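Those letters in the sequence shown? Residues -23 to -1, 1 to 738, by mature numbering (1 follows the signal peptide of the UniProt record, and there is no 0). The C-beta atom is built at its ideal place from N, Cα and C for all residues, glycine as well. Since the structure is predicted, the reported quantities are computational estimates derived from the model, not experimental observations.
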Amino acid sequence: MGRDATVFRISLLLVTTFAVAIGRKEYADPIEWPAKQNTPFVFDMNIEWTLTMSYPIEYNLVNTIDYFPDELSTPNCSLQGDRLCAWFIRNNDQLMACNLKDPLPDISLLNEVVQMHGLHQRVITINGVSPANTMVVPLGAEVIMRVHNNLLMEGISVHLHGMDKTNLWYTDGVGLVQQCPIPIRSTYAYRFIADTPGTLWWHGHVGTDRGEGLLGAFIVAKDDESVVDSTGTKVLPSRQYVALLQDWPEVDSHAVWYNQKWKIMKFLYGYDNWKQCWAPTRTYDGTNVGGSVPLNGLLVNDKGWYNQNDVITRPWALPLEKFKIKAGEKIVIRLINGGTAQQMMVGFEGHSMTIVAADGVPVQPRVVDYVVLFSGERYDVLIEGKANPDRQTYYMTIETQEYYDWHWNWMPPYFGLAKLEYEGNWPVVTSVADIWHSHCSTAAPCSVLNCPFGQYPTSVPLTCVSVGDLKSLQPISDPATISDQGFTNGGFEEYFINMHFDSHVNGWKFAQPKGMPYYYNGRENDVMQWCDPSKCPNNASEYDSGCDCFIHYNLTLGNVVQFTIYNMGYGAEPGHGYAHPLHIHGTHFYLLKVGYPTYDPKGMEYQHNPDIPCVQQTNISQCNNLQWTNPSWMNGRIEGMNTKDPSSRDTVVVPVGGYIVIRFKAVNPGWFYAHCHVMMHHMGGTAFALRVGQHEQMPVPPPNFPSSCGIYEPPALNSPNNTTNPTQPTTTTSSGLNVSPLPSVFLLVVTLLMTHILFNH
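This is the structure in C-alpha cells:
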C-alpha cells in the first residue's frame, strides 16, 4: 500500500465525532467528563432546518405530532414517565379531515422529536436537535468544530462564547469581522485550543441565526471539578447538569428584526391583526425590557410550553425538562441564558442555591434565593438535596423581569418551569409551582443576585445583591492590572463609552464592514464606513443614518485597558432606557465597580449616578464622551473599586442611569468584537470592534483561509486586465486561486486508481 493511501485511511480512523444526535429525552443527562487524548476532539455539526413537534419517516418526510394535557384525565393514563397516552400523530393525508389524529404507538419515537415550545415551527438544528447536544472537552485540548451548512439560503458563523481563543482571533467566529460567513452547502472548520475552563456556550453570529436555534452548551473540564460550598468546604458534586435557557418568541427572529428595522414593532401580533397590537414592557425600576416581544415559551434545554395558563395551573401535566437528584445529594446546575432578549430570574422551589462560578470562573460561594441571567451570562449553582423531601417533584422556576406594561399598569411576568425530581419512593403530588414567591416577605425578603437595578420597590419582597459583590475564589494572578494607585508611567488606556438607546455607542451605531478588516489593511475605505462627526452631530436623531459607522478602538498590545461603560442621557432617561448585557470577545475582564442611580421608594430611577456628570435633560443632552465628575479619578484612581478580589467576567450588565468599570490586559492580538448581547440591540448597532495590536503583530491566518468576502467588480470582458477566457470556465480553490478544471477523462482515471488502492491493499 502506498504512503498516501495509508495516511488517508488512518486519518479517517482517527477522526472521532462526538456531537451525535441523541434527540429528546425524558430526563436531562448529567455531564460526562471525557478522558484526555492525543488527537483532536472533533465535532461534526450538520446545520439544517427542522420542524418542531415532528419526527422523520422514510423518503425524507415527517410525521407531525401533538401533546394534549387534557388526555391525562382519561382512565388508564399514567401521570408518570413521558405519558404516552397524551401524545398523538396528526393525519397528514390532504384528502381527509384536518383534525384527525392517532395515538403515538411507541414512546421511543419521541427520541427524534425537537419539542421546544410544543408548537410546530421551523428551527435550525444541529445534527437533528436544538439546542445542540452539549460538547465537553478537557482544558488544553485541541478541538475541531466542523460546520456543514445545509440551510436553504443563510450564511452562518459560530462563536464560542467565553473562549478567549488566544492567538487565534480568526477562529472567534464574528461574521465579516473575523471571518466570511459560511456559504450554503459549504463546510468550514474551526480549529483551536480549549484555553478557557468552565461553562461556555456557542451560538451563531450572523444575523438572527442564534435566535432560530443555532446554539449549544460547551463545557471545558478542569482536572478537579470540585466546588466550594457555603461553609467553605471543598466538595465534588456527584452530578452536574446544563440548563440552557431561551426566550422563544411567537414570531421568528427574522420577522422581529425586520419589524424593528422598519420601525413597525407594533404589528408583532400580525400586520393584519386590528384587534391586538404590541407595546414594549417595563421592569421594576420603570425602564424598558430590552428586546421584549410576544413569547411562546421559556425553554430549559429543548423543552418548554407555549400555554401560560397550563404552566401556572397544571405544570405537573406538561412535558418539561427534568433534573434528577437524591436526598442529601449535592449537584451543580450550570445555568446559561442562551436567549435573545429577556432577562430571566431563576430559582428552585424549597431550595436555596449557592453561586459557585460566574461566566465559568469560580467565585467565592454566595447563597441566594434567585439569580437573574441576561443573554450570554452563565452561573454555576450548587444545590443540596433535602434530607427528607415531602414530595417527588420541586419546580425550577424561570420568570421574566417584566412588571409594568407600557401604560404603567402592573403586569405579570412570563413564566417557564422545569422539574427537580427526587429519586426514590417519595409522594407524587399534582401541585402548582410557587411562582409568586410565597416564602418571601417584605420583613424577610428573598435575595436576588444580578438585578439590573439597585433595588426593588419597597412593596416587593425581594432584595438585590449586586453582581459587583461577587468575589474571585482564586488569588488574582496579575494584581498590578487592578491597582487603584494610578498609572502614570504609561501602559494604560482609559475609555468612556455611553451605551444608550437600544442601538447606540457614544451616539454612533455600529455598521458591519463588507469584508474582513484584516485583509483590507491600508485600504479600509473599501469595506468600512468611518465615523464622521460632521455627519452625526451630538443632537442627531437616533434614526440618523449618518451615525452608522464602523466603531472601533485601537488597543496597544500589552497595555492595561480600562472601560467605563455608562448608560445615561438621551435614550436612557427614567422610564425609557435599557439595561445592556455587554459581552467582550477575546478576553475576560475584571469587574471592578458597578455604580447605580438613585431610586425613589417605588423603586423608580430618580437620578443618574453623579459620578458621571450627565445632566438629565430629556432630548437635549446625550451625555456622550464624558469623563469622571471628580478628575482625580482619572488614570485608574477610582474610589470604591474592588482591587483585592474582583470577579472575572466576559459578560456583564450596564444598569440604566449607572455604569460599570472593567479592566483587562490587552495580550491577545487580533480583531475582536464587543456588543450588547440582546440580539435586536446588537443587530441595531450597540457594538464596537477592537483592534488589539498593530496589523503586523496579529497572528496570520492560514494560507488557505477563506477571506474573499467584500466587494467584487469584474473588469470589462475585453479589458487587457481581464486574463480570463470567457469560453473557458474556472474554479476557485479554498486558497482563492483560480485553476482550470481538470479534463473529465483524467478525473475518471484518478478516481479509478484511488478506488483500486483503497480496496485492494
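So is residue i buried or exposed if we call it buried at 16+ other beta carbons inside 10 Å?
i    : result
Q223 : buried
P390 : buried
P514 : exposed
L38  : exposed
K211 : exposed
R640 : buried
I196 : buried
I84  : exposed
Q237 : buried
E227 : buried
K13  : exposed
Q539 : buried
D60  : Per the sequence presented here, residue 60 reads as Arg, with Asp not at that position. By the neighbour-count rule (16 or more Cβ atoms within 10 Å), R60 is buried.
A118 : buried
V201 : Looking at the sequence provided, one finds Asp at residue 201 rather than Val. With fewer than 16 Cβ atoms within 10 Å of its Cβ, D201 is classed as exposed.
G209 : exposed
Q705 : Caution applies to Q705, whose pLDDT of 42 falls short of 50 and renders its modelled position unreliable; the model cannot decide the point.
H384 : exposed
I313 : buried
V716 : In this predicted model, V716 has a pLDDT of only 33, less than 50, meaning its place in the structure is not dependable enough to derive any value.
Q584 : exposed
Below 8 Å between beta carbons: does that hold for residue i and residue j?
i           : j    : result
T575        : Y636 : no
K491        : G661 : no
residue 802 : T164 : With the chain represented from -23 up to 738, any question about residue 802 goes unanswered, as that position is not in the structure.
D446        : R626 : no
E519        : F478 : yes
P528        : A421 : One point to set straight first is that residue 528 is Ile, not Pro, in the sequence displayed. Contact flag unset, no.
R355        : R291 : no
L137        : L177 : yes
I412        : Y567 : no
D186        : T331 : no
K570        : N619 : yes
D382        : T258 : yes
C428        : C441 : yes
L426        : V333 : no
P590        : N144 : no
H481        : N265 : no
Y497        : D503 : yes
F45         : V114 : no
S107        : G190 : yes
E470        : N536 : yes
E582        : G175 : no
Y399        : I302 : yes
Between residue i and residue j, which are expected to be in contact by the criterion C-beta below 8 Å, what is the C-beta distance as a whole number of angstroms?
i    : j    : result
Y650 : H562 : 5 Å
L397 : V288 : 16 Å between Cβ atoms; not a contact.
L81  : I66  : 6 Å
Y218 : P7   : 6 Å
L450 : H414 : With 8 Å as the limit, L450 and H414 do not qualify as a contact, their Cβ atoms being about 29 Å apart.
L559 : T628 : 7 Å
V409 : R368 : About 12 Å; that fails the 8 Å criterion.
W648 : Q155 : 6 Å
If I measure Cβ to Cβ from residue i and keep anything under 6 Å in the same chain, skipping five residues before and after, which residues do I get?
i    : result
G327 : Y371
W485 : C508, C524, C526 and I528
M505 : P490 and F527
P214 : K307, I308 and V309
C62  : E48 and C54
Y573 : G431, P632 and G635
S684 : M493 and Y496
N601 : N475, N483 and G484
Leaving out five residues on either side along the sequence, give the residues of the same chain with a beta carbon under 7 Å from the beta carbon of residue i.
i    : result
G316 : L222, Q223, D224 and S352
K243 : C254 and W255
L86  : Y32
Y283 : H94, G95, L96, N273 and G274
Taking 7 Å as the line, does the beta carbon of residue i fall inside it for any heavy atom of the ligand GDP?
i    : result
K211 : The ligand GDP is absent from the structure shown, which contains no ligand whatsoever.
Can you list, in chain order, the residues of its chain whose CB lies under 8 Å from that of residue i, leaving out five sequence neighbours each side?
i    : result
T595 : With a pLDDT of 48 at T595, under the threshold of 50, the modelled position of that residue is not reliable, and the figure given next carries that caveat. Cβ within range, chain order: Y547 and E550.
To test your reading of the DSSP string, which unbroken beta strand (DSSP E) runs of 3 or more residues are found completely within the region 239 to 310? The beta strand (DSSP E) runs of length 3 or more contained entirely in the region 239 to 310 are, from start to end of the chain, 272 to 277 and 299 to 302.
Which complete beta strand (DSSP E) runs does the region 76 to 130 hold, if anything under 3 residues is left out? Runs of the beta strand (DSSP E) lying entirely within the region 76 to 130, each at least 3 residues long, are 78 to 80, 99 to 103, 109 to 115 and 119 to 126 in chain order.
Contained beta strand (DSSP E) runs [length at least 3] in the region 567 to 608, N- to C-terminal order: If we require 3 residues or more, the beta strand (DSSP E) runs fully inside the region 567 to 608 come out as 582 to 584.
Beta strand (DSSP E) runs wholly inside the region 168 to 215, at least 3 long, in chain order: Segments of the beta strand (DSSP E) lying fully in the region 168 to 215: 175 to 181 and 192 to 198.
Whole beta strand (DSSP E) elements within the region 619 to 674, 3-residue minimum: List check, beta strand (DSSP E) in window: 628 to 631, 636 to 642, 647 to 653 and 664 to 669.
At which residue ranges does the region 474 to 552 contain complete alpha helix (DSSP H) runs of 4 or more residues, listed in the order of the chain? Runs of the alpha helix (DSSP H) inside the region 474 to 552: none found.
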